[in-house]
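So the sequence shown is numbered by the working numbering: it starts at 19 and just counts up by one. Step one of this worksheet: look at the structure below.
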Amino acid sequence: MKREPQRRAKPRGPSDAAPLSAPPSEAPLATVARGDLVAAGSRRVVAVTGASSFLGSNLIALLEEDDSVSRIVAIDETSKTFPGPKTRSYEVDLTQPTSEARLAEILAAESAHTIVHLAFLASPSHGSAWVHELESVGTMRITVAAREARVRKFVLWSQTMLYGAEPTNPNFLTEKHPLRASRSEPFFADKLEAEAEVQRLYQQTQHGLDCVVTTLRTAPIVGPSVRNVITRYLARRVVATMMGFDPLVQFLHEVDAIAALKFAVDRDIAGTFNVVGDGILPLSTVLRVCGRVAVPIPHPVAERVNAALWLAQLADAPPEFLKYLRFLCVADGSKIAAAGFRPAYSTREALLDFVNAQRLRDVRLIEENVG
């Protein structure tokens with residue numbers, strides 16, 4: 019994959035989401051080399067956890083149109099009726115101890131070939147105990163159930179933010195780089211533990227377990243429809259930046275995130291893969307394109323203020339996220355490109371698509387306030 023010249027942050031002077039507005043099949047999906055895709059005539063059963071999330075509901079819509087998928091097993095803590103004829107919905111609360119046996123029963127009864135694990139929050143939450151049970155313990159229960167049901171493929175959604183924003187980060191973080199996100203912040207700690215659990219499952223495949231285990235670490239996802247901690251930050255009219263820092267950032271379009279999951283369902287690509295849009299942008303450029311007013315704040319002051327606002331439930335994210343406004347956290351997507359997947363949108367194009375939709379929302383908000 020072609021890389022752009024990179025630079026580190028340096029002093030300068032200063033799934034809560036709705037489905038896509040159009041089905042993924044009507045949007046420009048990523049370019050995929052055909053190669054060893056699922057053989058024609060094969061019929062698979064694909065289970066999706068976090069089925070009601072943004073990624074889950076849109077992946078299910080894409081799977082509904084795939085003739086090689088005979089049935090979709092939608093698993094979530096709340097029951098939901100999906101419009102497609104191939105989808106069966108099951109209500110399973112991953113925070114409950116009985117969910118492990120229930121999952122194994124469902125996967126075995128449905129003869130599930132693949133499980134796509136998407137039951138993760140896209141934004142930080144104050145309910146840290148519940149989230150820990152959902153993401154960390156829930157992932158353990160899912161991997162145990164997958165082994166018991168002899169699932170053929172396991173796909174995990176993860177994030178490049180788990181690499182952490184550190185001043186010593188290289189220009190491009192590869193899959194071999196250690197995950198250094200702050201374990202003191204539950205949003206990162208639970209996802210790190212979930213990755214470790216799936217890594218143990220992957221290691222068992224090296225000792226005879228017949229299962230293809232794939233982890234997709236996506237760059238921050240943006241687009242017209244997705245809602246997460248990043249899009250909420252970019253949607254604010256006035257945003258805080260860290261005085262003296264202007265880190266480079268990268269994004270992944272929401273359509274490419276869904277396409278990457280579908281790619282992992284169709285292809286036997288074992289291991290961990292970064293999924294990122296081509297190109298990088300300085301944070302200052304991102305905010306300028308979004309039309310936001312940046313207010314530079316000394317980071318020690320920002321951390322104290324943000325900590326107080328987070329405790330009062332008046333901030334979108336805890337202080338640990340401020341490091342991503344200071345230091346580089348940019349991943350290398352060449353490994354999945356070599357496997358045959360290339361995103362359709364670059365970082366800049368993904369941002370522009372988000373901005374165009376956000377401007378319409380801003381105008382409507384103004385009209386509502388005036389009227």
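Backbone N, C-alpha and C fix where the C-beta goes; we use that ideal spot for every residue, glycine too.
With distance defined between alpha-carbon atoms, name the residue in ALA330, ALA126, VAL283 nearest to PHE394. The question about residue 394 has no answer here: the residues shown for the chain are numbered 19 through 389.
Could you check whether LEU346 and PRO265 sit closer than 7 Å to each other, using their CB atoms as the reference points? Stepping through the sequence shown from its first residue, residue 265 is reached at position 247. Stepping through the sequence shown from its first residue, residue 346 is reached at position 328. Yes. Within cutoff.
Could you please give me the residues that DSSP links to HIS271 through a beta bridge? Residue mapping note: residue 271 aligns to position 253 of the sequence shown, counting from 1. Under DSSP, HIS271 takes part in a beta bridge, and its partners are VAL240.
Using CA coordinates, which residue listed in ARG245, VAL173, PHE206 is at the minimum distance from PRO336? The residue labelled residue 336 in the question sits at position 318 within the sequence shown. The residue with the shortest Cα to Cα distance from PRO336 is PHE206.
Assuming SER146 is part of the beta strand (DSSP E), what are its boundary residues? Reading the sequence shown from its first residue, position 128 is the one you call residue 146. Per DSSP, SER146 belongs to no beta strand (DSSP E); it is in the alpha helix (DSSP H), 146-150.
Identify every residue that forms a DSSP beta bridge with GLY289. The residue labelled residue 289 in the question sits at position 271 within the sequence shown. The partner list for GLY289 (beta bridge, DSSP) reads THR232.
Closest to SER202 by C-alpha separation, out of VAL373, SER302, PRO142, would be which residue? The residue labelled residue 202 in the question sits at position 184 within the sequence shown. Checked all of VAL373, SER302, PRO142; the closest Cα to SER202 is PRO142.
Is it buried or exposed for GLY470, if we count other Cβ within 10 angstroms and need 16 for buried? Here the chain comprises residues numbered 19 to 389, so residue 470 is not present and cannot be evaluated.
Coil, strand or helix - ARG255 by DSSP: To locate residue 255, count along the sequence shown from 1; it is residue 237. Coil at ARG255, not helix or strand.
Beta-carbon spacing of ALA122, GLU166 below 7 Å: The sequence position of residue 122 within the sequence shown is 104, counting from 1. The sequence position of residue 166 within the sequence shown is 148, counting from 1. GLU166 is positioned such that its CB atom lies closer than 7 Å to that of ALA122.
So is VAL267 buried or exposed if we call it buried at 16+ other beta carbons inside 10 Å? Position 249 of the sequence shown, counted from the start, is the residue given in the question as residue 267. Buried is the call here.
Since ALA137 and THR67 are thought to touch, with beta carbons under 8 Å apart, how far apart are those beta carbons, to the nearest angstrom? Here residue 137 refers to the residue found at position 119 of the sequence shown. Here residue 67 refers to the residue found at position 49 of the sequence shown. Yes, ALA137 and THR67 are in contact; Cβ-Cβ is about 4 Å, under 8 Å.
CA-to-CA distance, PRO103 to PRO196, given in whole angstroms: Locating residue 196 in the sequence shown gives position 178, where the first residue counts as 1. Locating residue 103 in the sequence shown gives position 85, where the first residue counts as 1. One alpha carbon belongs to PRO196, the other to PRO103, and they sit about 43 Å apart.
Any idea what DSSP makes of PRO337, helix, strand or coil? Taking the sequence shown and counting its residues from 1, one reaches residue 337 at position 319. DSSP places PRO337 in helix when its eight states are reduced to three.
In terms of alpha-carbon separation, which member of ILE315, ARG322, LEU73, ALA362 lies closest to LEU174? The count along the sequence shown starts at 1 and reaches residue 174 at position 156. That would be LEU73, whose Cα lies nearest to the Cα of LEU174.
For PRO23, which residues of its own chain have a beta-carbon under 8 Å away from its beta-carbon, when the five flanking residues on both sides are left out? In the sequence shown, residue 23 corresponds to position 5, counting from 1. In this prediction, PRO23 scores a pLDDT of 42, lower than 50, which makes its location untrustworthy; the coordinate-derived value is nonetheless stated afterwards. The beta carbon of PRO23 sits closer than 8 Å to no other beta carbon from its chain once the five residues preceding and following it are set aside.
Please name the residue in LEU332, PRO101, ASN324, ALA349 whose C-alpha comes closest to that of GLU338. Residue mapping note: residue 338 aligns to position 320 of the sequence shown, counting from 1. GLU338 has its Cα closest to that of ASN324, out of LEU332, PRO101, ASN324, ALA349.
Suppose you measure from the CA of SER70 to the CA of ASP94; what does that come to, to the nearest Å? Along the sequence shown, one-based indexing puts residue 70 at 52. Along the sequence shown, one-based indexing puts residue 94 at 76. One alpha carbon belongs to SER70, the other to ASP94, and they sit about 7 Å apart.
According to DSSP, is THR116 helix, strand or coil? The count along the sequence shown starts at 1 and reaches residue 116 at position 98. Residue state, collapsed to three classes: coil.
For VAL244 and ARG310, which I take to be in contact (beta-carbon distance under 8 Å), what is that distance rounded to the nearest angstrom? Looking up residue 244 in the sequence shown gives position 226. Looking up residue 310 in the sequence shown gives position 292. Contact doesn't hold; Cβ gap of about 18 Å is too wide.
Which one of LEU305, VAL373, THR232, TYR251 has the shortest CA to CA distance from PHE172? Your numbering for residue 172 matches position 154 in the sequence shown. Nearest neighbour of PHE172 by Cα position, chosen from LEU305, VAL373, THR232, TYR251, turns out to be THR232.
Is the beta carbon of SER176 closer than 7 Å to that of GLU213? As a first step, residue 213 must be located in the sequence shown, where it is residue number 195. As a first step, residue 176 must be located in the sequence shown, where it is residue number 158. Going by C-beta atoms, GLU213 is nearer than 7 Å to SER176.
Just to confirm before moving on: does the CB-CB distance between LEU234 and VAL293 stay below 7 Å? Here residue 234 refers to the residue found at position 216 when the sequence shown is read from its first residue. Here residue 293 refers to the residue found at position 275 when the sequence shown is read from its first residue. Taking 7 Å as the Cβ cut-off, LEU234 and VAL293 qualify as a contacting pair.
Can LEU77 and LEU279 be called in contact, C-beta distance under 7 Å? Mapped onto the sequence shown, residue 77 falls at position 59. Mapped onto the sequence shown, residue 279 falls at position 261. Annotated as proximal: LEU77 and LEU279, with beta-carbon spacing under 7 Å.
Bridge partners of ALA312, per DSSP? Along the sequence shown, read from residue 1 onward, the residue named residue 312 stands at position 294. Beta-bridge pairing links ALA312 to VAL257.
Assigned secondary structure, LYS280 (DSSP; H/G/I helix, E/B strand, else coil): Your numbering for residue 280 matches position 262 in the sequence shown. Residue state, collapsed to three classes: helix.
How do the region 179-197 and the region 110-117 stand: do at least 3 beta-carbon pairs fall below 8 Å, yes or no? Result no; under three Cβ-Cβ pairs closer than 8 Å.
To which residues does DSSP link LEU191 through a beta bridge? Taking the sequence shown and counting its residues from 1, one reaches residue 191 at position 173. ALA349.
With C-beta atoms as the reference, is ARG170 less than 7 Å away from HIS131? Locating residue 170 in the sequence shown gives position 152, where the first residue counts as 1. Locating residue 131 in the sequence shown gives position 113, where the first residue counts as 1. Yes, the pair counts as a contact, with Cβ atoms nearer than the cut-off.
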